[in-house]
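Visitor: Sharing a structure with you now.
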Amino acid sequence: MATSSPFVIVVGVDGSPESQAALDWGMQEARLRSGQVIVVASWQYPYITDAAGQAWDYTGFERDAQLILDGELRRVDDPAVPVTGRLVEGNAAAALVDASREADLLIVGSRGLGGFAGMLLGSVSSQLAHHSRCPLLIIRSGAEK
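Mapping to this note's numbering: the sequence shown position 4 is 50, numbers consecutive.
If you want it as C-alpha cells, here you go:
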C-alpha cells in the first residue's frame, strides 16, 4: 500500500494584516487537504546606516522577526493542522524561494504597492511570481477571507 506525503503549504509572514490573511488562508487550505503548514519569517541587516553613523541595535532585527513568528504560531495554533515555524536570516524573497522547493503551495500577502513605491521597495510577491518552485497564491490587500 502506497503512502502519500502530506500537502505542504509554506506561508511567509511579516506581521502585516496581509500576511495574517495569507496564514489564515494557508491554515484553511491545510485543513481541507489534510496538510501541514510551514510559517517562514525572515530578517536581515539594513544596507544603510543612520545619518550620524551610529551603530544599529542589530539584535533587534532578529528579535522582532522572532516575536512576529512566535505570535503568528500562537494565533493559528490548531491541533488538526501541523504547523512549524522557521526563522531565516536574509532577504524575504530568497528565503521563500528556498522554502518553496519543499512546498506544494506557497502563500504570501501583498500590500499592493505598485508604481513608484513598488519599484523603489521591490516586491517580494513579484520576485516569487518569477522564481517560486511551486504554485504561488498571493493574498492582496483587502482580500475577503
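For every residue, glycine included, the Cβ atom is placed at its ideal position computed from N, Cα and C.
Computed from a predicted structure; not experimentally measured.
1) For residue 75, count the other beta carbons within 10 Å of its own beta carbon; 16 or more makes it buried, fewer makes it exposed. Which is it?
2) Measure the alpha-carbon distance for residue 144 versus residue 126 and round it to whole angstroms.
3) In this structure, does DSSP put residue 58 in helix, strand or coil?
4) The beta strand (DSSP E) with residue 135 in it runs from where to where?
5) Roughly how many angstroms lie between the CA atoms of residue 140 and residue 173, to the nearest whole one?
6) By how many angstroms is the C-alpha of residue 50 removed from the C-alpha of residue 156?
7) Note down the Cα distance separating residue 80 from residue 53, rounded to an integer number of angstroms.
8) Using the three-state DSSP reduction, which class does residue 80 fall into: helix, strand or coil?
9) Is DSSP giving residue 85 helix, strand or coil here?
10) Which stretch, first to last residue, makes up the beta strand (DSSP E) that contains residue 186?
11) Just how far apart, CA to CA, sit residue 87 and residue 130?
12) By the 10 Å Cβ neighbour count, where 16 or more other Cβ atoms means buried, how is residue 178 classified, buried or exposed?
13) Based on DSSP bridge pairs, tell me the residues matched to residue 143.
14) Straight-line CA distance for residue 66 to residue 128?
Guide: So, from the data block:
1) Stepping through the sequence shown from its first residue, residue 75 is reached at position 29. Counting Cβ neighbours within 10 Å, residue 75 comes out buried, since at least 16 surround it.
2) Counted from its first residue, the sequence shown places residue 144 at position 98. Counted from its first residue, the sequence shown places residue 126 at position 80. Near 26 Å, if we compare the C-alpha coordinates of residue 126 and residue 144.
3) The residue given as residue 58 occupies position 12 in the sequence shown. Three-state result, residue 58: strand.
4) As a working note, residue 135 is residue 89 in the sequence shown. Segment 129 to 135, the beta strand (DSSP E) holding residue 135.
5) In the sequence shown, counting from the first residue as 1, residue 140 sits at position 94. In the sequence shown, counting from the first residue as 1, residue 173 sits at position 127. The alpha-carbon atoms of residue 140 and residue 173 are separated by roughly 9 Å.
6) If you number the sequence shown from 1, residue 156 lands on position 110. If you number the sequence shown from 1, residue 50 lands on position 4. If I take the Cα positions, the gap works out to 32 Å.
7) Indexing the sequence shown from 1 puts residue 80 at position 34. Indexing the sequence shown from 1 puts residue 53 at position 7. Approximately 7 Å, taken between the alpha carbons.
8) Mapped onto the sequence shown, residue 80 falls at position 34. Coil.
9) Residue 85 sits at position 39 when you count from the first residue of the sequence shown. Reduced to three states, the DSSP call for residue 85 is strand.
10) For the purposes of this step, residue 186 is taken as the residue at position 140 of the sequence shown. First-last of the beta strand (DSSP E) with residue 186: 182 to 186.
11) Counting from 1 along the sequence shown, the entry for residue 87 is found at position 41. Counting from 1 along the sequence shown, the entry for residue 130 is found at position 84. Straight-line Cα distance between these residues: approximately 11 Å.
12) Within the sequence shown, numbered from 1, the residue matching residue 178 stands at position 132. When all chains shown are included, residue 178 counts as buried.
13) Position 97 of the sequence shown holds residue 143. Partner(s): none; residue 143 has no beta bridge.
14) The count along the sequence shown starts at 1 and reaches residue 66 at position 20. The count along the sequence shown starts at 1 and reaches residue 128 at position 82. One C-alpha to the other measures close to 17 Å.
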